[in-house]
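Structure first, then comments.
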Amino acid sequence: MELQHKPRLGILALMLEGYEPLFPGIMASQHKYVEEVIASLSGTADFVFPRIAASREAIEALTAQYNAEGLDGILILMLSYSQGQYLVHAMQRNTLPLALALVQPDETVGDDFEEWELTVNQGIHGSQDNANCLMRAGIPCAFFAGSRKNGELAAFVADFGAAAHTACALRRMKIGIIGKLAGMGDVITDDMAVYRKLGPEFVYDSIGAVQRACAGVTPEDISARLAYEHTVFEIDPKLPPERHAESVRMYLGLKRYLEENGYAGYTVHFEEFGADGRFEHLPFLAASSLMADGYGYAAEGDATAAMLMAAMLRLCGQAGFSEMYMMDFAREAILLCHAGEGNWAMCRRDKKPFLMDRVFNEGGLSNPPTPIFTPEPGPAGVMSLVHVGGERFRLVYAPGEILDECSLRKIDMPYMFFRPASGVRACIKAWLEQGGTHHEIIVPGDYAARVRLLCRLLGIEFVEV
Numbered sequence: 001m002e003l004q005h006k007p008r009l010g011i012l013a014l015m016l017e018g019y020e021p022l023f024p025g026i027m028a029s030q031h032k033y034v035e036e037v038i039a040s041l042s043g044t045a046d047f048v049f050p051r052i053a054a055s056r057e058a059i060e061a062l063t064a065q066y067n068a069e070g071l072d073g074i075l076i077l078m079l080s081y082s083q084g085q086y087l088v089h090a091m092q093r094n095t096l097p098l099a100l101a102l103v104q105p106d107e108t109v110g111d112d113f114e115e116w117e118l119t120v121n122q123g124i125h126g127s128q129d130n131a132n133c134l135m136r137a138g139i140p141c142a143f144f145a146g147s148r149k150n151g152e153l154a155a156f157v158a159d160f161g162a163a164a165h166t167a168c169a170l171r172r173m174k175i176g177i178i179g180k181l182a183g184m185g186d187v188i189t190d191d192m193a194v195y196r197k198l199g200p201e202f203v204y205d206s207i208g209a210v211q212r213a214c215a216g217v218t219p220e221d222i223s224a225r226l227a228y229e230h231t232v233f234e235i236d237p238k239l240p241p242e243r244h245a246e247s248v249r250m251y252l253g254l255k256r257y258l259e260e261n262g263y264a265g266y267t268v269h270f271e272e273f274g275a276d277g278r279f280e281h282l283p284f285l286a287a288s289s290l291m292a293d294g295y296g297y298a299a300e301g302d303a304t305a306a307m308l309m310a311a312m313l314r315l316c317g318q319a320g321f322s323e324m325y326m327m328d329f330a331r332e333a334i335l336l337c338h339a340g341e342g343n344w345a346m347c348r349r350d351k352k353p354f355l356m357d358r359v360f361n362e363g364g365l366s367n368p369p370t371p372i373f374t375p376e377p378g379p380a381g382v383m384s385l386v387h388v389g390g391e392r393f394r395l396v397y398a399p400g401e402i403l404d405e406c407s408l409r410k411i412d413m414p415y416m417f418f419r420p421a422s423g424v425r426a427c428i429k430a431w432l433e434q435g436g437t438h439h440e441i442i443v444p445g446d447y448a449a450r451v452r453l454l455c456r457l458l459g460i461e462f463v464e465v
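Residue numbering for the sequence shown is 1 to 465, as defined by the UniProt record's numbering.
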């Protein structure tokens, strides 16, 4: 599954056409400057830049072209002053994510500057006019102001490209839903609000669809997958081979179910497997391996969390699902784990995940093979997407670190200790105040700026706790 790719961005380079008669050659000079900027950003995206847009008609034509070509987003560069009013109609018809980067050919004022130099460096007040018009029109836009030479701009464009690609992917996304835990209130949302505001479609299926897909798995496919799993897991010697094979069958069946329906992720309530009567144990291994494959996942019918994980996989490259179990004041950390699922692709590099023949009686089924591991220690973010009401969504985000801790001998499920940057007490208090849900998505690395940028493009309130 291709989760991340090099985004394609259209450059909308704006300036006032009236400057050319006053300063002959200025447009050619500024065109060359844009090409220089693009060359410095070659590792962040593929760019489309046919010409400068120096009139309302040119702005509207280029915007329409970029939309017709199906680019991931539009990056505005201000080459001088340009009238903000002339941007509005083009952006009202635009469907692509939008950013404006304010950079300059020169980054300090020279003692010998003349009117030419002042003109080519005066994008700041053109940016103010255009940003004001976008704000008053209710058009979301990400903004950058800074140096183009020290890596700041490249970092912003990389983040914007990933966020733009993710925003576009959300519009095409479908999430499969099988069952829900009755009474679990924070997972309830308005499907049409999600569809209108964020893009994904929530599709409700029956457990029979999964059973039918599992029934079609061949012995040859099971054998090939078993051979692979012996290379990536430390296998519990007590795990019966036939039980491992059944877990693999469920994994392959669930994967077929996702592929055939074009789902980017799914959520399932495990009681459905026991109530159906045709499954031997719960699909902890299947859920974990599908996360490792790049599918979004959440338990208990939480389609919002599954959608968020699918989005974070595209935005940041890796993500996992879990929930907060306990505050640990001695470690100044939070213990996170869930029933038996975890993205084992996040397992710490110095250990293989242990595939355990685990005793687990929930649902009245037999022992589910369960991958046990802790993630690679280091920076991470823990987040929750909250449906506030109507079309208001809030992303609660806690930056911090995954601790180098793997000492719990009797925790038979994937787990981690997460130390929030704000401290346990402050983080959890703020989490509760902001309505953060009890299912969380974990992203390894420091992607706060990228996540914040995606929220801005989608009109989601971003709250750091």
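C-beta: ideal position from N, C-alpha, C; glycine also.
Residue i and residue j closer than 7 Å at C-beta
i, j, result
"A164", "L41", "no"
"V248", "L282", "no"
"I207", "I178", "yes"
"E20", "I26", "yes"
"P7", "D72", "yes"
"L98", "I59", "no"
"A319", "F418", "no"
"H439", "D302", "yes"
"L170", "G146", "no"
"G216", "S288", "no"
"S82", "L14", "yes"
"K174", "G262", "yes"
"A213", "Y257", "yes"
"I460", "F360", "no"
"N130", "G185", "no"
"G400", "P420", "yes"
"L395", "M413", "no"
"E17", "A54", "yes"
"V37", "R148", "yes"
"G340", "L313", "no"
"N94", "T63", "yes"
Cβ-Cβ separation, residue j to residue i (assumed contact under 8 Å), whole Å
i, j, result
"L96", "M78", "Not a contact, Cβ separation roughly 18 Å."
"residue 484", "F284", "As shown, the chain starts at 1 and ends at 465. That puts residue 484 outside it, with no answer to give."
"G176", "V203", "6 Å"
"E280", "L365", "6 Å"
"I76", "F47", "Going by Cβ atoms, the distance from I76 to F47 rounds to 13 Å, so no, they are not a contact pair."
"L308", "I441", "5 Å"
"K238", "E391", "So it is not a contact: roughly 51 Å between Cβ atoms."
"S422", "V386", "The Cβ separation is near 18 Å, so there is no contact."
"A305", "A298", "4 Å"
"N121", "D106", "5 Å"
"V443", "A398", "Rounded, the Cβ-Cβ distance is 11 Å, inconsistent with contact."
"I411", "C337", "7 Å"
Bridge partners - residue i, DSSP secondary structure assignment
i, result
"E201", "K174"
"L100", "I76, F143"
"L41", "Partner(s): none; L41 has no beta bridge."
"R419", "E401"
"H387", "F393"
"P444", "A380"
"R8", "D46"
"L335", "M326, F417"
"M356", "T370"
"L14", "A53, M78"
7 Å Cβ shell around residue i - same chain, five flanking residues per side excluded
i, result
"L454", "A163, T166, A167, L315"
"L335", "Y325, M326, D328, Y415, F417"
"T44", "A154, V157, A158, G161"
"R450", "D159, A162, A163, L315, C316"
"A39", "none"
"S127", "M78, L100, L102"
Own chain, CB closer than 6 Å to residue i, minus 5 neighbours either side, in chain order
i, result
"F144", "A101, F156"
"A345", "A292"
"L134", "C141"
"C347", "P353, F373"
"W116", "F23"
"R278", "Q211"
Cβ-based neighbour list, residue i, same chain, cut-off 8 Å, excluding 5 preceding and 5 following
i, result
"I52", "A13, L14, M15, M27, Q30, H31, V34, A58, L79"
"D357", "D236, K238, L239, P240, R243, N367, P369"
"H89", "R56, E60"
"A448", "G381, Y397, P399, E464"
"A137", "V88, M91, Q92"
"G378", "E401, I402, P444, G445"
Whether or not the segment 256-270 and the segment 232-239 are in contact is what I'm after, with contact meaning three or more pairs of Cβ atoms, one per stretch, closer than 8 Å; do they touch? With the cut-off at 8 Å, the segment 232-239 and the segment 256-270 do not touch.
For the segment 440-460 against the segment 404-411, are there 3 or more C-beta pairs whose distance is under 8 Å? Touching, no.
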